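Peer 1:
Protein chains: 2
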Amino acid sequence: MANRHEIREDELEGRSRDVLREIVIQYVAHGEPISSRSLAKSGRFALSPASLRNVMADLEDLGFVYQPHTSAGRIPTDRGYRFFINHLMRSRRLTQHERETIDAKVSEGHELDEVMQLGSRVLARLTNQVGLVFLPTLDHLVMRSIDFVMVGERRILCVVVGTNGVVVNKVIETEQIWTRDELSAAGAYLTAEFSGMELESIRSSMLQQLDQERARFDEIFNRTMRLGVGVVEGVMPHGSELFVEGATSILNKPEFADAETMKKAFLAFEEKEKLVRILNLCVNEAGVQILIGSESPFTQDYNLSLVAARYGSGNSPLGMVGIIGPTRMEYARVAPLVEYLGRALSRKIEESEQEQNR
Amino acid sequence: MANRHEIREDELEGRSRDVLREIVIQYVAHGEPISSRSLAKSGRFALSPASLRNVMADLEDLGFVYQPHTSAGRIPTDRGYRFFINHLMRSRRLTQHERETIDAKVSEGHELDEVMQLGSRVLARLTNQVGLVFLPTLDHLVMRSIDFVMVGERRILCVVVGTNGVVVNKVIETEQIWTRDELSAAGAYLTAEFSGMELESIRSSMLQQLDQERARFDEIFNRTMRLGVGVVEGVMPHGSELFVEGATSILNKPEFADAETMKKAFLAFEEKEKLVRILNLCVNEAGVQILIGSESPFTQDYNLSLVAARYGSGNSPLGMVGIIGPTRMEYARVAPLVEYLGRALSRKIEESEQEQNR
DNA sequence: CTTTAGCACTCTGATCTGTCGAGTGCTAAA
DNA sequence: TTTAGCACTCGACAGATCAGAGTGCTAAAG
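Just so you know, the protein sequences line up as chains A and B, in that order. Numbered according to the working numbering, the first sequence spans residues 229 to 586. Numbered according to the working numbering, the second sequence spans residues 229 to 586.
(1) Could you check how far apart the C-beta atoms of B:Leu351 and B:Leu569 are, in whole angstroms? I think they sit under 8 Å.
(2) What separation, rounded to the nearest whole angstrom, lies between the Cα atoms of A:Pro296 and A:Val457?
(3) Can the beta-carbon of B:Leu385 be found less than 8 Å from the beta-carbon of B:Val399?
(4) Do the CB positions of B:Val247 and B:Leu267 come within less than 8 Å of each other?
(5) Go through the region 318-376 of chain B residue by residue and report every complete run of the alpha helix (DSSP H) that reaches 4 residues or more, in order.
(6) Output, in chain order, the set of chain A residues within a Cβ distance shorter than 8 Å of B:Asn531.
(7) Cutting at 7 Å between CB atoms, please list the residues of its own chain near B:Ser580, excluding the five before and the five after it.
(8) Are the C-beta of B:Phe494 and some C-beta of chain A separated by less than 8 Å?
(9) Among residues of its own chain, excluding the 5 on either side of B:Val472, which ones have a beta-carbon nearer than 7 Å to its beta-carbon?
(10) CB-CB under 7 Å to A:Ile430, same chain, minus the five flanking residues each way: which ones, in chain order?
(11) Which of the residues in the region 374-401 of chain A, read from start to end, lie with their CB under 9 Å from any CB of chain B?
(12) I think B:Pro304 touches B:Val293, with their Cβ atoms under 8 Å apart; what is that distance to the nearest whole Å?
(13) Taking 8 Å as the limit between beta carbons, can you name the residues of its chain near B:Arg272, skipping five residues before and five after?
(14) Can you check whether the CB of A:Arg556 is closer than 8 Å to the CB of A:Pro545?
(15) Going along chain B in order, which residues have a C-beta closer than 8 Å to the C-beta of A:Met464?
(16) Is the beta carbon of A:His338 closer than 8 Å to that of B:Glu401?
(17) Run through chain B and tell me which residues come within less than 9 Å of A:Ala413, C-beta to C-beta.
(18) Do three or more CB pairs link the region 448-456 of chain A to the region 472-481 of chain A at distances below 8 Å?
(19) Taking the alpha carbon of B:Ser574 as the reference point, which residue from B:Asp331, B:Gly291, B:Leu470, B:Met434 has its own alpha carbon closest?
(20) By how many angstroms is the C-alpha of B:Asp306 removed from the C-alpha of B:Ala230?
(21) Is the Cβ-Cβ distance between B:Leu427 and B:Leu470 less than 8 Å?
(22) Just the C-alpha distance for A:Asn314 and A:Gly308, rounded to the nearest angstrom, thanks.
(23) How far does the alpha helix (DSSP H) with A:Asn508 in it reach, from first residue to last?
(24) Which runs of the beta strand (DSSP E) at least 3 residues long sit entirely within the region 374-453 of chain A? Give them in chain order.
(25) Can you say whether B:Thr298 is buried or exposed, counting buried as having 16 or more other CB atoms within 10 angstroms of its CB?
(26) I'd like the list of long-range same chain contacts for A:Glu288, defined as Cβ closer than 8 Å, with 5 residues on each side in sequence excluded.
(27) Do A:Ser264 and A:Leu290 have their C-beta atoms within less than 8 Å of each other?
(28) Spatial neighbours of B:Arg232 within its chain, please: CB distance less than 6 Å, with the 5 preceding and 5 following residues excluded, ordered by chain position.
(29) Examine chain B for any beta-carbon lying closer than 8 Å to the beta-carbon of A:Lys576, and answer yes or no.
(30) Please classify B:Glu241 as buried or exposed, where buried requires at least 16 neighbouring CB atoms within 10 angstroms.
(31) For chain A, check one thing: does any of its Cβ atoms lie closer than 8 Å to the Cβ of B:Ala230?
(32) Anything in the region 474-502 of chain B with a Cβ closer than 7 Å to a Cβ of chain A? List those residues in chain order, please.
(33) Assign B:Glu473 to one of three DSSP states: helix, strand, or coil.
(34) Got a sec: is the Cβ-Cβ distance from A:His587 to anything in chain B below 8 Å?
(35) Based on Cα-Cα distance, which residue from B:Asp375, B:Val343, B:Gln436, B:Ile577 lies nearest to B:Glu410?
(36) Determine whether the beta carbon atoms of B:Leu532 and B:Gly553 lie at a separation below 8 Å.
So this is what it looks like as structure tokens:
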């Protein structure tokens, strides 16, 4: 995904690279179009403004920068940011404090969703951007046990525990009345029969068995199975949630100062389905994913970028965490933060998994 | 609370009242300052603009309306809205469609928090304002049963059911390892001992007993009690949550068109503690509560108003639902909607309570 | 061939101006 | 008590002007 734009490293030789890098860095830092003069003054080039102007004109021809209007300085295009990120950026190392803050927050939580929320919140604060967590569907959750608690005449709390320690529960209403003993037997049976399988396959297997065995008229079996289907179907949608943290942080960003842009950005956040779709694609890629403006249907038109990393236990990805912010952001700082959080979460998950399976 | 401003009905006699009413209605409808001329043109007064100007000047002296600048029309002040609501407003009756929409949404949900969220969302949509639900603390939840489910070596899912059918659960981590049988015994004991009491008193009673009986060195008793305290303390904070729905709806309101106001409004929503404090006061009052601009610390400075109603079972209030919007809103339409939803929710709760206690 | 100084040109944004229209308050007449 | 008339105020808007920033191009210098 990252390289789909086919910008090869050798497309830009020495001086132009340096100039582009400097433009991105300066623009990210100050938010104003970069003029040839200010570049010259930066002292990083032994060149006059006039020469720099030539280089900048070339960069513009190549589509790495543009001018908002005729007599303005240059601003990086999405393509410019992309090249910067792929070839020019020097990631900043995390400070002690950043590492500690993240670690502290991550170990503060207990349940999966709590940890995720805390993580994205701390990320939002450290980067000053909008944090997000994506808890994917539980389709592939490997079931370890199913339990039931009676909470009313026809209401049963179903508890599903995954091998990774995730606990999901849901109250479901039943047609028939169950006794405590029946319920506990049903839980034991379903656990014995289906533990070790993924929820999705449990579901289909249950439906299949229910279909095949209809002829048997085994009342208990049928009831139990139907209850099981209810559980699995009630519990599965629990994941697949997207949390957005600190959306108000964009209120203070100069690029969203005018009402119109602000409004657009907020509306963008409302379109969670789009975002979910994109994150669902990214979840298969390792490492930090960066999507800049036009590179994704979610961020295009809004001057937004997405920086996200997946988390999960070694074998299987679980979901994504990351941030959304204006295309003009400190990628060199944000990317390592997101990456670190992703790792920290994964570590936490693996730990609790081991603990669970001892 | 509603009358604390001490505006007596007789403070305004016939003509002035009519003019004030018309000003509020017109202003709410169009959002522009109302001029003497437009009032005259409305046809509701057999008076010339000049006469109306006199009346309007009086209203201004009394503090019911003001001019944004010298040569502008009049706009109601908070005090003007207050008088309008208390004495002049004719509540619109709900349409068939509105009633049906609310009823449908309310009966769609099952668990308490789900129902509340659905309710506030439908309210937000119908009124085009920002919906909110306030689930108060569970301190006064009357416990019906406590159950435990093992979900790991040292992790226990605690399930507390209230007499009103509310189900709360939380995973807690324990120091010691419990067996299934021990857990089920502990659950039975705690249920027998404390059911029928409020969580808050259960908590203090447990702590007291734990303190008194320390000398006894009854290991089982101590473990069970400590677990119980863990449950109650883990579960209580579950309520007391405030959900805000559809905050983006204010993006489309003309009074929040400029970036500055928009920003302020959003920041206001972030200050949930303030809002919670106010709602906590309101929860003791019956009927629809309306707080206009300066009347509450939350809404002042932001040109916001709060319209809320409490819900709960007959005996005890549970929480509040309502909306937040610009002071300029159709109170005559919004208030009945909020009231209706409050009633619908209460009815739903009472129903499920009865069902529960059969 | 590359770099740079110089210069004309363009565009933005701030400031000022004058005009128009809306709306008021006041006064005096009905 | 009501109303017509009138002077006055204010905001919004459209032009006009101007300074500043920054560019592109050309021609000279290295």
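By construction, the Cβ of each residue, glycine as well, lies at the ideal position given by its N, Cα and C atoms. Source: prediction; values computed, not measured.
Peer 2: In short, the structure shows the following:
(1) Position 123 of the second sequence, counted from the first residue, corresponds to residue 351 of chain B. Position 341 of the second sequence, counted from the first residue, corresponds to residue 569 of chain B. Confirmed, about 5 Å.
(2) Counting from one through the first sequence, the residue named residue 296 of chain A turns up at place 68. Counting from one through the first sequence, the residue named residue 457 of chain A turns up at place 229. In a straight line, the C-alpha of A:Pro296 is about 58 Å away from that of A:Val457.
(3) Along the second sequence, one-based indexing puts residue 385 of chain B at 157. Along the second sequence, one-based indexing puts residue 399 of chain B at 171. Contact flag set, yes.
(4) For the purposes of this step, residue 247 of chain B is identified with residue 19 of the second sequence, where counting begins at 1. For the purposes of this step, residue 267 of chain B is identified with residue 39 of the second sequence, where counting begins at 1. Against a cut-off of 8 Å, the Cβ pair of B:Leu267 and B:Val247 comes out as a contact.
(5) 324-336, 340-355
(6) On the second sequence, residue 531 of chain B is found 303 positions in, with the first residue counted as 1. What B:Asn531 touches in chain A: nothing, since even the nearest Cβ is about 16 Å away.
(7) Position 352 of the second sequence holds residue 580 of chain B. Closer than 7 Å at the Cβ level, and outside the excluded window around B:Ser580, lie Gly393.
(8) As a position in the second sequence, residue 494 of chain B is number 266, starting the count at 1. Yes, because at least one Cβ of chain A sits closer than 8 Å to the Cβ of B:Phe494.
(9) The residue labelled residue 472 of chain B in the question sits at position 244 within the second sequence. The residues are Val358, Leu360, Phe497.
(10) Here residue 430 of chain A corresponds to residue number 202 of the first sequence, with the count starting at 1. Contacts found: Met371, Phe422, Val460.
(11) Asp375, Phe376, Val377, Met378, Val379, Gly380, Glu381, Arg382, Arg383, Leu385, Val387, Val389, Gly393, Val395, Asn397, Lys398, Val399, Ile400, Glu401
(12) Within the second sequence, the letter at position 76 stands for residue 304 of chain B. Within the second sequence, the letter at position 65 stands for residue 293 of chain B. About 6 Å separates the two Cβ atoms, so the contact holds.
(13) For this step, residue 272 of chain B is matched to residue 44 along the second sequence. Around B:Arg272: Asp246, Glu250.
(14) Taking the first residue of the first sequence as position 1, residue 545 of chain A is located at position 317. Taking the first residue of the first sequence as position 1, residue 556 of chain A is located at position 328. Cβ atoms of A:Pro545 and A:Arg556: not closer than 8 Å.
(15) Looking up residue 464 of chain A in the first sequence gives position 236. Neighbours of A:Met464 on chain B: none; closest Cβ ~16 Å, over 8 Å.
(16) Residue mapping note: residue 401 of chain B aligns to position 173 of the second sequence, counting from 1. Residue mapping note: residue 338 of chain A aligns to position 110 of the first sequence, counting from 1. Yes, the pair counts as a contact, with Cβ atoms nearer than the cut-off.
(17) Position 185 of the first sequence, counted from the first residue, corresponds to residue 413 of chain A. Per Cβ cutoff of 9 Å: no residues; A:Ala413 is ~14 Å from chain B at best.
(18) no
(19) As a working mapping, residue 574 of chain B is identified with position 346 in the second sequence. Nearest C-alpha to B:Ser574: B:Asp331.
(20) Here residue 230 of chain B corresponds to residue number 2 of the second sequence, with the count starting at 1. Here residue 306 of chain B corresponds to residue number 78 of the second sequence, with the count starting at 1. Note that B:Ala230 scores 43 on pLDDT, short of 50, meaning its location in the model is unreliable; the coordinates nonetheless yield the value given after this. C-alpha separation (whole angstroms): 13 Å.
(21) If you number the second sequence from 1, residue 427 of chain B lands on position 199. If you number the second sequence from 1, residue 470 of chain B lands on position 242. Going by C-beta atoms, B:Leu427 is not nearer than 8 Å to B:Leu470.
(22) Stepping through the first sequence from its first residue, residue 314 of chain A is reached at position 86. Stepping through the first sequence from its first residue, residue 308 of chain A is reached at position 80. Using only the alpha carbons, I get a separation of about 10 Å.
(23) Here the question's residue 508 of chain A lines up with position 280 in the first sequence. First-last of the alpha helix (DSSP H) with A:Asn508: 500-510.
(24) 383-390, 395-401
(25) The residue given as residue 298 of chain B occupies position 70 in the second sequence. B:Thr298 comes out exposed.
(26) Here residue 288 of chain A corresponds to residue number 60 of the first sequence, with the count starting at 1. Tyr294, Gln295, Arg302, listed in sequence order.
(27) Along the first sequence, one-based indexing puts residue 264 of chain A at 36. Along the first sequence, one-based indexing puts residue 290 of chain A at 62. Cβ atoms of A:Ser264 and A:Leu290: not closer than 8 Å.
(28) In the second sequence, the residue the question calls residue 232 of chain B occupies position 4. Confidence in B:Arg232 is poor, its pLDDT being 45 and thus under 50, which makes the residue's placement unreliable; the coordinate value appears in the next sentence. Cβ within range, chain order: n/a, list empty.
(29) For this step, residue 576 of chain A is matched to residue 348 along the first sequence. Output row for A:Lys576: interface = no.
(30) As a working note, residue 241 of chain B is residue 13 in the second sequence. With fewer than 16 Cβ atoms within 10 Å of its Cβ, B:Glu241 is classed as exposed.
(31) Residue mapping note: residue 230 of chain B aligns to position 2 of the second sequence, counting from 1. Reliability fails at B:Ala230, whose pLDDT of 43 lies under 50, so the model's placement of it is uncertain and the value that follows must be treated cautiously. Not an interface residue.
(32) Thr476, Leu479, Ala485, Asp486, Ala487, Met490, Lys491, Phe494, Leu495, Glu498
(33) Along the second sequence, one-based indexing puts residue 473 of chain B at 245. Looking at B:Glu473 - three-state DSSP - the assignment turns out to be strand.
(34) Outside the displayed range of chain A (229 to 586) lies residue 587 of chain A, so it cannot be described from this structure.
(35) Here residue 410 of chain B refers to the residue found at position 182 when the second sequence is read from its first residue. Residue B:Asp375 is the option with its Cα nearest to B:Glu410.
(36) In the second sequence, residue 532 of chain B corresponds to position 304, counting from 1. In the second sequence, residue 553 of chain B corresponds to position 325, counting from 1. Cβ atoms of B:Leu532 and B:Gly553: closer than 8 Å.
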